[in-house]
Amino acid sequence: MTFRAPKGTDDIFPPASLRWRRVLRLWEDITERWGYDLVLTPLFEHTAIFARTMGEATEIVGKQMYTFEDKGGRSLTLRPEGTAPVVRAYLQAGSGGVQKLAYSGPMFRYEQPQAARRRQFYQVGLEYLGEADPGADVEVVELAHRFLQEAGVGEMALELNTLGDAASRRQYRDVLFSYLEGIADDLCSDCQARRLTNPLRVLDCKVDGPRLTDAPRTVDHLTAGALDHYRSVKEGLARRAISFTENPRLVRGLDYYTHTVFEYQSRRLETAHHTLGGGGRYDGLAETLGGSAIPGVGVAIGIDRVLLAAPPDGSARLEAFMVVVDPLRWEEARSLAARLRNLGLRVELAAGPRALKAQMKLADRRGARRAVLVGDGWEAGEVRVRHLGSGDEQEVKLADLPNTLAAP
Ligand code: HAM
Numbered sequence: 064m065t066f067r068a069p070k071g072t073d074d075i076f077p078p079a080s081l082r083w084r085r086v087l088r089l090w091e092d093i094t095e096r097w098g099y100d101l102v103l104t105p106l107f108e109h110t111a112i113f114a115r116t117m118g119e120a121t122e123i124v125g126k127q128m129y130t131f132e133d134k135g136g137r138s139l140t141l142r143p144e145g146t147a148p149v150v151r152a153y154l155q156a157g158s159g160g161v162q163k164l165a166y167s168g169p170m171f172r173y174e175q176p177q178a179a180r181r182r183q184f185y186q187v188g189l190e191y192l193g194e195a196d197p198g199a200d201v202e203v204v205e206l207a208h209r210f211l212q213e214a215g216v217g218e219m220a221l222e223l224n225t226l227g228d229a230a231s232r233r234q235y236r237d238v239l240f241s242y243l244e245g246i247a248d249d250l251c252s253d254c255q256a257r258r259l260t261n262p263l264r265v266l267d268c269k270v271d272g273p274r275l276t277d278a279p280r281t282v283d284h285l286t287a288g289a290l291d292h293y294r295s296v297k298e299g300l301a302r303r304a305i306s307f308t309e310n311p312r313l314v315r316g317l318d319y320y321t322h323t324v325f326e327y328q329s330r331r332l333e334t335a336h337h338t339l340g341g342g343g344r345y346d347g348l349a350e351t352l353g354g355s356a357i358p359g360v361g362v363a364i365g366i367d368r369v370l371l372a373a374p375p376d377g378s379a380r381l382e383a384f385m386v387v388v389d390p391l392r393w394e395e396a397r398s399l400a401a402r403l404r405n406l407g408l409r410v411e412l413a414a415g416p417r418a419l420k421a422q423m424k425l426a427d428r429r430g431a432r433r434a435v436l437v438g439d440g441w442e443a444g445e446v447r448v449r450h451l452g453s454g455d456e457q458e459v460k461l462a463d464l465p466n467t468l469a470a471p
């Protein structure tokens, strides 16, 4: 073949796409049940949207953005994340008040590609806007927890920290700056510069971060209000029996966070890319974009990673493939398939009459769990059902067929 997908990108193709569809559907279901409306924003935005909100000194803005000039001379960027675009859309819609918004789609970052680090990757996310109450932070963490559990990622860890409000951050920044000044010579070459432009980023550094065990902690430099907020979040999580570890070095790779920050890490993935999802509060973001002070909190989860962590569930593509044994029964088989589909079952049949053997082969190839043989028993209201895995066969009354097919 001449062409392949560009480096760091993937085709989501069957059979892998079966699992994608299920997990994206799960996201749709959960967010809808919790009251989140769908939001869809463009795949590209004015570059300033990301540069201003995520911070010029961050890895993403500095090194990883797909930025280009369009034919009209505008600087545009393929979205590396969804939060800033969603807040931009909220401000643009001028709706104000509380909005709970969920999204999913591809994001773009120019990374060194690995199995779980892609240049185009897929995020599901949500943003709870216009709500300053710590209960919103708890809800976001809890919803992410539910989703990850139901998606089957297995054992995971939740890390939590607070960056405090603007006043706490300013105070902490000064303390951290002085601390880093004292150990400047021991820092890696990147952090020598980061320490001056954005000291918080040093805590995030893969080389230096883990060594800075005695670095000042944000929790020790919070205003009374920020401390209260953090306490409420921790209490809320405890009440919901969501266990977490406090990690004072968790600052996340983006500049817009205030108060709560958190990450879910898989115990099944390599530590280099075991973060399944993360998020936090960003009460100053809307103002950075020129809007009024709109509080917000959200999370984004990487679906590529979720599917690496969750073992294949072995469920079949189709619950049944209709196999027409008596060629005079095509129309009956077709309408039976339609009735079963109306009941929510996944059912398929050949495009037109085929030999029995060809139909059985197709049933197998199409990944059906069972074949429903429409033949002799039809007049008596019966079909023959063959489990394609075990080869077991049984006569089933039409009235019992939906239950039989729904069984594993
Ligand atoms: P983030 O931590 O940059 O946060 O990304 C969230 C998740 O996206 C990561 O935990 C990871 O699973 C996935 N991800 C990120 N980069 C890649 C990549 N190159 N390949 C595969 N997966 C990746 C945000 O994007 C924030 N917008 C989250 C947020 C929402 N904060 C508040 N609201």
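Residue numbers (the working numbering): 64 to 471. Where is the CB? At the ideal position from N, CA and C, for every residue including glycine.
* Exposure of Ser329, with buried meaning 16 or more beta-carbon neighbours within 10 Å -> In this structure Ser329 is buried. Its beta-carbon is surrounded by 16 or more other beta-carbon atoms within 10 angstroms.
* Looking only at DSSP bridge pairs, what is Arg180 linked to? -> BP columns for Arg180 point to Gln177.
* Give me the Cβ distance between Gly227 and His322, rounded to the nearest whole Å; I'm assuming they're in contact under 8 Å. => Contact flag correct, Cβ pair sits at about 7 Å.
* Given Leu89, which residues of its chain have a CB within under 7 Å of its CB, disregarding the five upstream and five downstream residues? -> Here the set comprises Phe210, Glu213 and Ala214.
* Asked: Using a threshold of 7 Å, is the CB atom of Ala152 nearer than that to any non-hydrogen atom of the ligand HAM?
  -> In this structure, the ligand HAM has no non-hydrogen atom nearer than 7 Å to the beta-carbon of Ala152.
* **Beta-carbon proximity list for Asn261, same chain, < 6 Å, skipping 5 on both sides** => Leaving aside the five residues that flank Asn261 on each side, the residues in its chain whose CB is nearer than 6 Å to its CB run, in chain order, Ala120.
* Would you check if the stretch 181 to 195 and the stretch 159 to 171 touch, i.e. whether three or more CB-CB distances between them fall below 8 Å? => Taking one beta carbon from each stretch, the stretch 159 to 171 and the stretch 181 to 195 have 3 or more pairs nearer than 8 Å; the two touch.
* Quick one: complete beta strand (DSSP E) runs, 3+ long, within the stretch 374 to 451? -> Listed in chain order, the beta strand (DSSP E) runs fully inside the stretch 374 to 451 are 381 to 387, 410 to 412, 431 to 437 and 445 to 450, counting runs of at least 3 residues.
* Report the rounded CA-to-CA distance for Val161 versus Tyr99, giving the unit in angstroms. => Spanning the alpha carbons of Val161 and Tyr99 requires a straight line of approximately 11 Å.
* Buried versus exposed call for Pro358 [16 or more other C-beta atoms within 10 Å across all chains shown] -> Buried, because 16 or more other Cβ atoms sit within 10 Å of the Cβ of Pro358.
* Does the distance from the C-beta atom of Val386 to that of Val448 stay below 8 Å? -> For Val386 and Val448, no; Cβs fall outside 8 Å.
* **Short Cβ contact (8 Å threshold) for Trp97 with Leu206** => Yes.
* Asked: Would Ala383 be called buried (16 or more neighbouring beta carbons within 10 Å of its own) or exposed?
  -> Of the residues assessed, Ala383 falls on the buried side of the cut-off, its CB having 16 or more other CB atoms within 10 angstroms.
* **beta strand (DSSP E) segment containing Asn224, residue limits** => Under the DSSP assignment, Asn224 falls in the beta strand (DSSP E) whose first and last residues are Met219 to Thr225.
* How about Thr121: is its C-beta nearer than 8 Å to some C-beta of chain B? -> Chain labels in this structure do not include chain B; a single protein chain is all it has.
* To do: Tell me whether Ser453 sits in a helix, a strand or coil according to DSSP, three-state version.
  => Here DSSP, grouped into helix, strand and coil, assigns Ser453 to coil.
* Asked: Using the rule of at least 16 other Cβ atoms within 10 Å of the residue's Cβ for burial, across every protein chain shown, is Ala229 buried or exposed?
  -> Within a 10 Å sphere around the beta-carbon of Ala229 sit fewer than 16 other beta-carbons, which makes this residue exposed.
* To do: Have a look at Ala256, Thr286, Glu395 and Glu458 and flag the residue whose alpha-carbon is nearest the alpha-carbon of Ser231.
  => The shortest C-alpha to C-alpha distance from Ser231 to any of Ala256, Thr286, Glu395 and Glu458 is the one to Thr286.
* Around the Cβ of Pro273, are there at least 16 other Cβ atoms within 10 angstroms (buried) or fewer (exposed)? -> Pro273 is exposed by the Cβ-count criterion.
* Return yes when the Cβ of Tyr191 is within less than 8 Å of the Cβ of Leu103, no when it is not. => No, they are not a contact pair.
* In terms of DSSP beta bridges, what is Tyr235 paired with? -> Answer by DSSP bridge pairing: none, since Tyr235 is not bridged.
* Are the beta-carbon atoms belonging to Arg302 and Leu381 less than 8 Å from one another? -> Contact annotation: Arg302 and Leu381 have beta-carbon atoms that are not nearer than 8 Å.
* Supposed contact pair Arg433 and Leu468 - C-beta distance, whole angstroms, cut 8 Å -> Indeed, because the Cβ distance is near 6 Å, the residues count as touching under 8 Å.
* **His109 burial status per 10 Å Cβ neighbour count (16 or more: buried)** => By the neighbour-count criterion, in which 16 or more other beta carbons inside 10 Å mark a residue as buried, His109 falls on the exposed side.
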